[in-house]
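Asks:
There are 2 protein chains.
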Amino acid sequence: MRHFSQELEELNQSLLQMGGLVESSIRRSTQSLVDRNKELAKDVIRDEPRIDMMQVEIDAQTTRLLALNQPVARDLRLLMATLKINTDLERMGDLAVNIAERAISLIERPPLKALVDIPQLASLVESMLLKSLDAFVKGDADLATSVLPADEEVDALRDSIYAELIALMQRDPSVVPSAINLMFVARNLERIADHATNIAEDVIFLVKGIDVRHHALDRR
Amino acid sequence: MRHFSQELEELNQSLLQMGGLVESSIRRSTQSLVDRNKELAKDVIRDEPRIDMMQVEIDAQTTRLLALNQPVARDLRLLMATLKINTDLERMGDLAVNIAERAISLIERPPLKALVDIPQLASLVESMLLKSLDAFVKGDADLATSVLPADEEVDALRDSIYAELIALMQRDPSVVPSAINLMFVARNLERIADHATNIAEDVIFLVKGIDVRHHALDRR
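Protein sequences, first through last, are from chains U and G. Numbering of the first sequence is given in the working numbering, commencing with residue 1 and proceeding in unit increments. Numbering of the second sequence is given in the working numbering, commencing with residue 1001 and proceeding in unit increments.
Right, here's the structure in full:
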């Protein structure tokens, strides 16, 4: 049997590999929207089973390590954080697929003047995920903490996108289907930001052993 | 120190209590919408911190039991299932709050003819959650399995609600804000159904030790 710390390290690597896949799905899904590139959107949909399979494997591996070893303190927190981050990453992968599906619907209709602030929202959300995963790799609670305030910025941007799209629909009912698609894209990006926030909170719990959810920095 | 099995039982009770709170939030949020009852919607929003607090307590208790005991086999699976169900319940509580917020916005405008099929969707979703939690209490994998097909019914109902609302907005742009609110209510109910499905899958894993996600009954 391999040494526990070596197995933990391998589990860590699997989780980061999954993080990389999910990052790529998110980036490509929004790129497909901006470039009106249907093939890119289809790639994202095609890659989903790989992410799902990794989730199942990581869960099984984590359960095995919990059962065969008696981890305490930081090792236990690492396994708990792995379970949670794994769930968040898989959901983000699903949300990227939803964005890709919306992109395909959008491409099938004439372009809706601009994409409002969606590219800006997407890049903010992507940077949250990159920072959260980086904080996990480095065990850096300060970096994780720096992710948290962006969640409010994301909510504000989403609200302004909603308001603009509602105004567009009221002026010209023919844009309703496309505007609805864009609303759901904004909604999915905002949900991805929530999951990135969850990951950042898990990293803080991992490093400091404190649960900061629901009262972190009085964000809620 | 109390006996481990007694502590597990108490943890179980806390999780079920949280399940009861979340069920009540979901039921009241959709009721507030149907009855145009703003006070009921506000109650749901006011109760959210209780659910959040329970989530943090259940997570801490689960972590403590994992650290102090060396659970294996079914006890380990029970603690893993508790962690996951806890996360799902908290998210469902958030979604009920979103529905309550949408209900408040809807009440502030003239009623939109009918609520389309939203009450029907809500009752289907509520029954999925009730069955999942019941399956957890009874450790009944068959009951849990019976929840899974409803997820597709929910998706179909949501799609027909979307289509009807899009048609309404195109005919009469003045209804756009209310129709958007109803779309998000349908979306939130569908997400609640996804979480109920997760709980059912966790119960199957708990009872049988098999991970049925992503390939369960070829549902996807």
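Every residue gets a Cβ at the ideal spot worked out from N, C-alpha and C, and that includes glycine. Quick caveat, the model's predicted, so the values are computed rather than measured.
1) With a threshold of 16 other CB atoms inside 10 Å of the CB of G/Asp1218, please say whether the residue is buried or exposed.
2) Give a yes or no on whether 8 Å exceeds the smallest Cβ distance from U/Gln13 to chain G.
3) Exposed or buried, which one is U/Ala122 when buried takes at least 16 other CB atoms within 10 Å?
4) Can you tell me whether U/Lys208 is buried or exposed, with buried defined as 16 or more other CB within 10 angstroms of its CB?
5) For G/Asp1117, which residues in chain U fall below 7 Å Cβ to Cβ?
6) Alpha carbon to alpha carbon, how far is U/Val125 from U/Glu201? Give it in angstroms, no decimals.
7) Could you check the C-alpha separation between U/Ala216 and U/Pro173 for me, to the nearest Å?
8) Look at the alpha carbon of U/Arg46 and the alpha carbon of G/His1214, and state the distance between them as a whole number of angstroms.
9) Once the 5 residues before and after U/Ser178 are set aside, which same chain residues still bring their CB inside 7 Å of it?
10) Where does U/Asn37 sit, in a helix, a strand or coil, going by DSSP?
11) What would DSSP say about G/His1195, mapped onto helix, strand or coil?
12) Secondary structure at G/Ile1166, three-state DSSP: helix, strand or coil?
13) By the criterion of Cβ-Cβ separation under 9 Å, what are the contact partners of U/Pro177 in chain G?
14) For G/Ser1014 and G/Arg1171, what's the separation of their Cα atoms in angstroms?
15) Please report whether the beta-carbon of G/Thr1087 lies at a distance below 8 Å from any beta-carbon of chain U.
16) Say whether chain U places a C-beta atom closer than 8 Å to the C-beta of G/Met1080.
17) If you draw a straight line from the C-alpha of U/Leu11 to the C-alpha of U/Leu21, how long is it?
18) Looking at the structure shown, is U/Asn188 part of a helix, part of a strand, or coil, going by DSSP?
19) Quick test of your reading: G/Asn1086 and G/Asn1188, contact by CB under 8 Å. State the CB separation rounded to the nearest angstrom.
20) Below 8 Å between beta carbons: does that hold for G/Val1116 and G/Ile1161?
21) Within 7 Å: the Cβ of U/Phe136 and any heavy atom of the ligand SAH?
22) When the Cα atoms are used, what is the spatial distance from G/Ile1210 to U/Leu129?
23) For G/Arg1220, count neighbouring Cβ atoms within 10 angstroms of its own Cβ and tell me buried if that reaches 16, exposed if not.
24) On the DSSP letters alone, give me the boundaries of the alpha helix (DSSP H) that G/Pro1149 sits inside.
25) Can you find the residues in the same chain that come closer than 8 Å, C-beta to C-beta, to U/Leu65, ignoring five residues on each side of it along the sequence?
26) If contacts are defined as beta-carbon pairs under 8 Å, then G/Ala1135 and G/Leu1143 qualify, I think. What distance do you get, rounded to the angstrom?
27) Between the alpha carbons of G/Met1183 and G/Asn1069, how many angstroms are there, rounded?
28) Just checking my contact of G/Asp1194 with G/Asp1151 at CB under 8 Å: how many whole Å lie between their CB atoms?
29) For G/Gln1017, decide whether its Cβ has a neighbour in chain U, counting only Cβ atoms nearer than 8 Å.
30) Go through its chain and collect everything with a Cβ distance to U/Asp75's Cβ below 8 Å, but skip five positions before and after it.
31) Give the residues of chain U in contact with G/His1214, contact being defined as C-beta atoms less than 8 Å apart.
32) How many angstroms separate the CA atom of U/Glu164 from the CA atom of U/Glu153?
33) At a CB distance below 8 Å, what residues from the segment 1183 to 1211 of chain G approach chain U? Give them in sequence order.
34) Hey, how far is the Cα of G/Leu1133 from the Cα of U/Leu89?
Replies: Checking against the coordinates, here is how it stands:
1) The residue given as residue 1218 of chain G occupies position 218 in the second sequence. Note that G/Asp1218 scores a pLDDT of 45, beneath 50, so its modelled location is shaky; the value from the coordinates is reported in the next line. It counts as exposed.
2) The count along the first sequence starts at 1 and reaches residue 13 of chain U at position 13. Judged by the 8 Å Cβ criterion, U/Gln13 is not in contact with chain G.
3) Taking the first sequence and counting its residues from 1, one reaches residue 122 of chain U at position 122. Flag for U/Ala122 reads buried.
4) Translated into positions along the first sequence, residue 208 of chain U becomes position 208. By the C-beta density criterion, U/Lys208 is exposed, having fewer than 16 other C-beta atoms within 10 angstroms.
5) Residue 1117 of chain G sits at position 117 when you count from the first residue of the second sequence. Going along chain U, no residue has its Cβ under 7 Å from G/Asp1117, so there is no contact; the nearest lies around 18 Å.
6) For the purposes of this step, residue 201 of chain U is taken as the residue at position 201 of the first sequence. For the purposes of this step, residue 125 of chain U is taken as the residue at position 125 of the first sequence. Each residue's alpha carbon lies about 16 Å from the other.
7) On the first sequence, position 216 is the one that residue 216 of chain U refers to. On the first sequence, position 173 is the one that residue 173 of chain U refers to. Reliability of the predicted coordinates at U/Ala216 is poor, the pLDDT of 43 falling under 50, and no value is obtained from them.
8) The count along the first sequence starts at 1 and reaches residue 46 of chain U at position 46. The count along the second sequence starts at 1 and reaches residue 1214 of chain G at position 214. If you take the alpha carbons of U/Arg46 and G/His1214, they lie about 14 Å apart.
9) For the purposes of this step, residue 178 of chain U is identified with residue 178 of the first sequence, where counting begins at 1. The beta carbon of U/Ser178 lies closer than 7 Å to those of Leu106, Arg109, Leu112 in the same chain, with the five residues before and after it left out.
10) Taking the first sequence and counting its residues from 1, one reaches residue 37 of chain U at position 37. Note: U/Asn37 maps to coil in three-state DSSP.
11) One-based indexing of the second sequence puts residue 1195 of chain G at position 195. Helix at G/His1195.
12) Start at 1 with the first residue of the second sequence, and residue 1166 of chain G comes out as number 166. Helix at G/Ile1166.
13) Residue mapping note: residue 177 of chain U aligns to position 177 of the first sequence, counting from 1. Near U/Pro177 (Cβ distances below 9 Å), the residues of chain G are Ile1166, Gln1170.
14) On the second sequence, position 14 is the one that residue 1014 of chain G refers to. On the second sequence, position 171 is the one that residue 1171 of chain G refers to. Using only the alpha carbons, I get a separation of about 49 Å.
15) What you label residue 1087 of chain G is simply residue 87 of the second sequence in a count that begins at 1. Yes, because at least one Cβ of chain U sits closer than 8 Å to the Cβ of G/Thr1087.
16) In the second sequence, residue 1080 of chain G corresponds to position 80, counting from 1. Judged by the 8 Å Cβ criterion, G/Met1080 is in contact with chain U.
17) By one-based count along the first sequence, residue 11 of chain U stands at place 11. By one-based count along the first sequence, residue 21 of chain U stands at place 21. Their backbone Cα atoms lie some 15 Å apart in a straight line.
18) The residue you call residue 188 of chain U lines up with position 188 of the first sequence. Note: U/Asn188 maps to helix in three-state DSSP.
19) Counting from 1 along the second sequence, the entry for residue 1086 of chain G is found at position 86. Counting from 1 along the second sequence, the entry for residue 1188 of chain G is found at position 188. At roughly 20 Å, the Cβ-Cβ gap does not stay under 8 Å, so G/Asn1086 and G/Asn1188 are not in contact.
20) Sequence index remark: in the second sequence, residue 1116 of chain G carries index 116 (1-based). Sequence index remark: in the second sequence, residue 1161 of chain G carries index 161 (1-based). Closer than 8 Å, so yes.
21) With respect to the ligand SAH, the structure offers nothing, as it holds no ligand at all.
22) Working through the second sequence from its first residue, we reach residue 1210 of chain G at position 210. Working through the first sequence from its first residue, we reach residue 129 of chain U at position 129. A direct Cα-to-Cα measurement between G/Ile1210 and U/Leu129 gives close to 31 Å.
23) For the purposes of this step, residue 1220 of chain G is taken as the residue at position 220 of the second sequence. Caution applies to G/Arg1220, whose pLDDT of 37 falls short of 50 and renders its modelled position unreliable; the value that the coordinates give is listed next. With fewer than 16 other Cβ atoms from the protein chains shown falling within 10 Å of its own Cβ, G/Arg1220 counts as exposed.
24) For the purposes of this step, residue 1149 of chain G is taken as residue 149 along the second sequence, with counting starting at 1. Where G/Pro1149 is concerned, there is no enclosing alpha helix (DSSP H), given that its DSSP letter is neither H nor E.
25) As a working mapping, residue 65 of chain U is identified with position 65 in the first sequence. Phe4, Glu7, Leu8, Leu11, Pro71, Leu79, listed in sequence order.
26) The count along the second sequence starts at 1 and reaches residue 1135 of chain G at position 135. The count along the second sequence starts at 1 and reaches residue 1143 of chain G at position 143. Contact between G/Ala1135 and G/Leu1143 holds, since their C-beta atoms are separated by about 4 Å, short of 8 Å.
27) Counting from one through the second sequence, the residue named residue 1183 of chain G turns up at place 183. Counting from one through the second sequence, the residue named residue 1069 of chain G turns up at place 69. Approximately 47 Å, taken between the alpha carbons.
28) In the second sequence, the residue the question calls residue 1194 of chain G occupies position 194. In the second sequence, the residue the question calls residue 1151 of chain G occupies position 151. Correct: roughly 7 Å between the Cβ atoms.
29) Taking the first residue of the second sequence as 1, we reach residue 1017 of chain G at position 17. Judged by the 8 Å Cβ criterion, G/Gln1017 is not in contact with chain U.
30) Counting from 1 along the first sequence, the entry for residue 75 of chain U is found at position 75. Same-chain partners within the cutoff: Phe4, Leu8, Asn69.
31) As a first step, residue 1214 of chain G must be located in the second sequence, where it is residue number 214. Within chain U, the residues near G/His1214 are Pro49, Asp52, Met53, Gln55, Val56.
32) Position 164 of the first sequence, counted from the first residue, corresponds to residue 164 of chain U. Position 153 of the first sequence, counted from the first residue, corresponds to residue 153 of chain U. Between U/Glu164 and U/Glu153, the C-alpha separation is close to 17 Å.
33) Residues of the segment 1183 to 1211 of chain G with a C-beta atom less than 8 Å from some C-beta of chain U are Met1183, Phe1184, Arg1187, Asp1211, listed in chain order.
34) Here residue 1133 of chain G refers to the residue found at position 133 when the second sequence is read from its first residue. Here residue 89 of chain U refers to the residue found at position 89 when the first sequence is read from its first residue. Answer to the nearest angstrom: the Cα atoms are 25 Å apart.
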